[in-house]
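Numbering (this note's numbering), first residue to last: 3 to 348.
Quick reminder that beta carbons are idealized off the backbone N, C-alpha and C, glycines included.
These numbers come from a predicted model, not from an experiment.
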């Protein structure tokens with residue numbers, strides 16, 4: 003053996019011998035197993051797609067835009083087993099906040115289709131001005147256009163307009179017990195929660211009045227509680243709130259600085275999912291509050307923004323919107339049912 007190879011071998015031998023003599027064992031060189039969260043499966047492709055709503059365990063509704071045959075957002079139906087999709091709505095303008103009424107086989111959504119015609123640009127300066135701070139951290143995720151709320155059958159037929167108010171009416175929630183529609187409305191410089199009977203001729207009244215801005219109302223599966231998020235008056239932070247079915251006895255589920263939004267209910271447990279961006283993170287992750295255990299856990303930690311979480315009726319699948327590719331798409335991953343860490347919620 004040449005001296006070229008002899009010296010490295012002898013050097014390695016004496017280094018290992020030195021570790022052995024000094025009491026170190028060889029397992030000091032063993033690395034901890036690397037645990038990598040599997041990338042979520044992308045279930046949509048064409049265009050930009052957001053806000054999955056479970057119809058059942060194997061199908062969803064969602065909002066899709068920037069497609070080959072239309073640029074305006076439309077509601078689509080997707081069969082998760084076959085991958086086949088079907089267009090449901092044929093409206094013009096912006097659209098947000100799809101809501102599935104399973105017992106009535108209908109969908110509710112907010113759209114600017116009529117407002118774009120009824121309030122053309124020449125009339126806009128004479129309407130109530132939106133707060134300048136609406137150009138805030140969520141402006142790219144929530145279009146604060148003038149909108150109305152509509153209901154139609156699952157096939158898109160029999161479209162009815164439910165609200166008649168110049169300005170922003172969106173984020174609908176529906177109470178089956180009293181057949182009332184709840185929603186967010188821009189009124190006197192603030193976005194507050196209003197309610198009305200579930201028909202096209204009903205008049206609305208305000209049920210939550212605050213100096214902040216209330217959005218994203220979601221009714222629990224048992225129809226006993228509401229959850230939503232409230233922006234500060236300057237739109238620089240927002241928190242998740244819980245209240246009873248009469249929107250009384252408010253409780254803050256979060257008190258951190260940052261943005262907390264897009265809450266949703268777990269279908270079979272007293273759990274609430276939401277998206278949040280908290281320092282030092284620069285992106286939105288999905289969290290979950292367990293109301294019975296009084297604790298919180300983080301469900302995603304990926305390089306991108308994740309929002310609009312939804313859990314399947316059987317509690318096995320988590321769907322969410324993410325912009326990993328630079329364009330919003332809907333992704334899914336297994337929902338892992340586990341106890342929260344010991345740290346209590348705020």
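Straight-line CA distance for residue i to residue j?
i           : j           : result
residue 118 : residue 168 : 10 Å
residue 301 : residue 340 : 11 Å
residue 237 : residue 91  : 32 Å
residue 204 : residue 246 : 23 Å
residue 292 : residue 156 : 32 Å
residue 336 : residue 44  : 13 Å
residue 243 : residue 266 : 12 Å
residue 41  : residue 325 : 13 Å
residue 248 : residue 207 : 13 Å
residue 84  : residue 225 : 33 Å
residue 116 : residue 264 : 25 Å
residue 175 : residue 321 : 20 Å
residue 114 : residue 76  : 12 Å
residue 232 : residue 193 : 9 Å
residue 258 : residue 280 : 8 Å
residue 332 : residue 287 : 14 Å
residue 214 : residue 241 : 11 Å
residue 97  : residue 158 : 14 Å
Go through its chain and collect everything with a Cβ distance to residue i's Cβ below 7 Å, but skip five positions before and after it.
i           : result
residue 346 : Note that residue 346 scores 48 on pLDDT, short of 50, meaning its location in the model is unreliable; the coordinates nonetheless yield the value given after this. 296, 297.
residue 58  : 315
residue 239 : 259, 260, 261
Can you list, in chain order, the residues of its chain with a C-beta nearer than 6 Å to that of residue i? Leave out the 5 residues immediately preceding and following it.
i           : result
residue 128 : Because residue 128 carries a pLDDT of 49, less than 50, the predicted location of this residue cannot be relied on, and the following value inherits that uncertainty. So no residue of the chain qualifies.
residue 272 : 293, 294
residue 46  : 331, 332
residue 165 : 150, 151, 171
residue 7   : The pLDDT assigned to residue 7 is 48, lower than 50, so where the model puts this residue is not dependable; a value taken from the coordinates is nonetheless given after this. Once the five neighbours on either side are set aside, residue 7 has no close Cβ partner at all.
How close, in whole Å, do the beta carbons of residue i and residue j come, if the pair is a contact with beta carbons under 8 Å?
i           : j           : result
residue 67  : residue 73  : 6 Å
residue 311 : residue 275 : 4 Å
Go through its chain and collect everything with a Cβ distance to residue i's Cβ below 8 Å, but skip five positions before and after it.
i           : result
residue 55  : 62, 63, 64, 100, 101, 102, 312
residue 330 : 50, 51, 52, 323, 324
What are the boundary residues of the beta strand (DSSP E) that residue i is part of?
i           : result
residue 87  : 87 to 89
residue 299 : 297 to 300
residue 58  : 50 to 58
residue 247 : Unbroken run through residue 247: none, as it is neither H nor E.
residue 290 : 287 to 292
In terms of residues, what are the limits of the alpha helix (DSSP H) holding residue i?
i           : result
residue 117 : 117 to 120
Less than 7 Å between CB atoms is the rule here; does residue i satisfy it with respect to chain B?
i           : result
residue 198 : Chain labels in this structure do not include chain B; a single protein chain is all it has.
Residue ranges of each beta strand (DSSP E) within the region 156 to 225, 3 or longer: Qualifying beta strand (DSSP E) stretches, in chain order: 171 to 177, 182 to 189, 192 to 199, 207 to 210, 215 to 221.
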